[in-house]
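Peer 1:
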DNA sequence: TATCTTGCTGACTTATTGGTCATTAAAGTA
DNA sequence: TACTTTAATGACCAATAAGTCAGCAAGATA
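Protein chains in written order, with the working numbering: chain A, 1 to 212; chain B, 213 to 424.
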């Protein structure tokens, strides 16, 4: 390295505002890659370009960091989706397609999609966080499907199916795609084209749902 | 405790043949509950009713134990399923129902179902094991669906859908049910009746697949 | 330029846990 | 019953990682 660099470049910068976000991003990536227990705070700090001590300026503990990452990352997105849905005008079949595709583009297909896998893996170790996630994310996300399907039934577009399990079954292939991409995708399963897969799914789904 | 117990009961027994199975069972349960990293060897030994040292009489390391648990637990079952399928006579629609229900009763609904969640969580940390699991379990399990669907198409029962993503989509709700039961099920989501859920799924599926 | 505030560092402490091995005792054998 | 074999123990070691803090230096202030 250039011995004069020290004269020009500072060894570190003060970036009080940006640090929490950078640390949370690094933590999310590593938690998704390796799981909560297997992720080392040193690795998170390193990826965020700071030392481990800095982590403790912004987060009380590894567990607090985890909770923060989950909460900040996902809840706000759900709220946006709910608003989008309520104002939609048009066929429910189109809304269902839109819901699935938009959701993939904005959440499932991004790094946020990894949170689902993460919560699934760690639910046993963080019961209260799991309960929070269940109520604030899963239930509300499922509510989006309930809304579309009931909307379709009321308009006479869809068959009057029971709401008990249908929404979950509609969502399952979408969630699986997400989990897939964040796990076995690594080992040579890169042959899924998400949008083609989702199109097949919505085609089959609407074939089941729609009136003849 | 009775101070004479020592005269009657031995403090431990020699059970060379039973130990490996008991240790593997305890390990599987804990790995599923807590994940690989978060599970302590002391806890596994305790649950199996032995000391930690005994673990090392039968397994070389924690990682070897993990690999053994995965391999022993699942591969043999897949082979049984393949045999069952090939000898089936009757409608493909019925075979599809049977495949899904039998699979749930014998694998998904048992403790073995937890292996899927486990592999999903740990695939990043055990790339070779993930590759093994991908080839020996996922691909072959998917092959069962491919077989039924092609069988139905050839018999003129099912519509001629592309094989690219349909099998995966058929399997997704089944796999999700399994993952669900081993994660958020804990936190008040006990309201799913697996067989009713699977019936809804197969009904919708066959509605999509079958000729009019 | 001199001074002060505070974001940041990294060596250190402490707790945990994967892995080892000399010792113990259960159970087979003669 | 005495002797042998070996399954099982549990104290111990070494390594790892969460969490702490005294000091350093970036950069704001005057």
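Think of the CB as a built atom: it goes at the ideal place given N, C-alpha and C, for glycine as much as any other residue. Bear in mind that the values here come from a model prediction, so they are computed numbers and not experimental data.
So, helix, strand or coil for residue 271(B), using DSSP?
Peer 2: In the structure shown, residue 271(B) sits in coil (DSSP, three-state: anything other than H, G, I, E or B).
Peer 1: Taking the alpha helix (DSSP H) that residue 327(B) belongs to, which residues open and close that run?
Peer 2: 326-334 is the extent of the alpha helix (DSSP H) around residue 327(B).
Peer 1: Taking the alpha-carbon positions, what's the residue 86(A) to residue 310(B) distance?
Peer 2: Roughly 40 Å between the two C-alpha positions.
Peer 1: I want to see whether chain B comes within less than 8 Å of residue 169(A), judged by CB atoms only; does it?
Peer 2: Interface residue, yes.
Peer 1: Along the chain, where does the alpha helix (DSSP H) containing residue 384(B) start, and where does it finish?
Peer 2: 378-393 is the extent of the alpha helix (DSSP H) around residue 384(B).
Peer 1: Assuming the contact rule is C-beta atoms closer than 8 Å, residue 423(B) and residue 371(B) should be a hit. Round their C-beta distance to whole Å, please.
Peer 2: Right, the Cβ-Cβ distance comes to about 6 Å (below 8 Å), so this counts as a contact.
Peer 1: Pick out whichever of 394(B), 354(B), 276(B), 327(B) has its Cα sitting closest to the Cα of residue 124(A).
Peer 2: Of the listed residues, the one whose Cα sits closest to residue 124(A) is 394(B).
Peer 1: Which one or two residues does DSSP pair with residue 175(B) in a beta bridge?
Peer 2: Because residue 175(B) is not part of the residues shown, which for chain B are 213 to 424, the question remains open.
Peer 1: So which residues of chain B does residue 166(A) contact, with C-beta pairs closer than 8 Å?
Peer 2: What residue 166(A) touches in chain B: 412, 416.
Peer 1: Rounded to the nearest angstrom, what separates residue 174(A) and residue 198(A) at their Cα positions?
Peer 2: Approximately 7 Å, taken between the alpha carbons.
Peer 1: Using CA coordinates, which residue listed in 164(A), 151(A), 162(A) is at the minimum distance from residue 88(A)?
Peer 2: Out of 164(A), 151(A), 162(A), 151(A) has the C-alpha closest to the C-alpha of residue 88(A).
Peer 1: Excluding the 5 residues flanking residue 321(B) on each side, which residues of the same chain have their C-beta closer than 7 Å to its C-beta?
Peer 2: Hits under 7 Å: 406.
Peer 1: Pull up the CB-CB distance for residue 348(B) and residue 287(B), whole angstroms please, since I reckon it's below 8 Å.
Peer 2: Confirmed, about 5 Å.
Peer 1: At 9 Å on the CB atoms, spell out the chain A contacts of residue 337(B), in chain order.
Peer 2: Per Cβ cutoff of 9 Å: 33, 34, 35, 38.
Peer 1: Note the first and the last residue of the continuous alpha helix (DSSP H) segment covering residue 358(B).
Peer 2: Segment 351-366, the alpha helix (DSSP H) holding residue 358(B).
Peer 1: Taking only beta-carbon positions, decide if residue 61(A) is within less than 8 Å of chain B.
Peer 2: No, residue 61(A) does not count as interfacial toward chain B.
Peer 1: Distance check for residue 415(B) and residue 292(B), CA to CA, integer angstroms please.
Peer 2: Rounded to whole angstroms, residue 292(B) to residue 415(B) spans 26 Å at the Cα level.
Peer 1: Classify residue 85(A) as helix, strand or coil using the three-state DSSP reduction.
Peer 2: Helix.
Peer 1: Three-state secondary structure (DSSP) at residue 248(B)?
Peer 2: Here residue 248(B) sits in coil by DSSP.
Peer 1: According to DSSP, which residues form a beta bridge with residue 422(B)?
Peer 2: Beta-bridge pairing links residue 422(B) to 370(B).
Peer 1: Taking the alpha-carbon positions, what's the residue 18(A) to residue 73(A) distance?
Peer 2: Using only the alpha carbons, I get a separation of about 16 Å.
Peer 1: Along chain B, which residues have their Cβ under 7 Å away from the Cβ of residue 121(A)?
Peer 2: The contacting residues are 247, 333.
Peer 1: Could you check which residue in 253(B), 323(B), 408(B) has the C-alpha nearest to that of residue 266(B)?
Peer 2: It is 253(B).
Peer 1: Report yes if the CB atom of residue 326(B) is closer than 8 Å to the CB atom of residue 256(B), and no otherwise.
Peer 2: No.
Peer 1: Determine, for residue 278(B), whether the minimum Cβ-Cβ distance to residues of chain A falls below 8 Å.
Peer 2: With 8 Å as the cut-off, residue 278(B) does not count as an interface residue toward chain A.
Peer 1: Residue 239(B) and residue 184(A) - do their beta-carbons sit closer together than 8 Å?
Peer 2: Not a contact, by the Cβ cut-off of 8 Å.
Peer 1: Closer than 9 Å by beta-carbon distance: list the chain B residues that pair up with residue 176(A), in chain order.
Peer 2: Result: 380, 381, 383, 384, 385, 387, 388, 391.
Peer 1: Cutting at 7 Å between CB atoms, please list the residues of its own chain near residue 359(B), excluding the five before and the five after it.
Peer 2: Same-chain partners within the cutoff: 297.
Peer 1: Whole angstroms are fine: how far does the CA of residue 46(A) sit from the CA of residue 312(B)?
Peer 2: Residue 312(B) and residue 46(A): Cα-Cα distance of roughly 46 Å.
Peer 1: Establish whether the CB of residue 372(B) and some CB of chain A are separated by less than 8 Å.
Peer 2: Cβ-Cβ to chain A under 8 Å: no for residue 372(B).
Peer 1: Based on Cα-Cα distance, which residue from 413(B), 356(B), 419(B) lies nearest to residue 295(B)?
Peer 2: When each option's Cα is compared against that of residue 295(B), the closest is 356(B).
Peer 1: Would you tell me roughly how many angstroms separate the C-alpha atoms of residue 384(B) and residue 367(B), rounded to the nearest one?
Peer 2: Between residue 384(B) and residue 367(B), the C-alpha separation is close to 25 Å.
Peer 1: Report yes or no: is there a C-beta of chain A within less than 8 Å of the C-beta of residue 407(B)?
Peer 2: Not closer than 8 Å to any Cβ of chain A, the Cβ of residue 407(B) fails to qualify, so no.
Peer 1: Can you tell me whether residue 233(B) is buried or exposed? The criterion is at least 16 other CB atoms within 10 Å of its CB, across all chains shown.
Peer 2: Flag for residue 233(B) reads exposed.
Peer 1: Taking Cβ-Cβ distances shorter than 9 Å, what residues in chain A pair up with residue 329(B)?
Peer 2: Chain A residues near residue 329(B): 120, 121.
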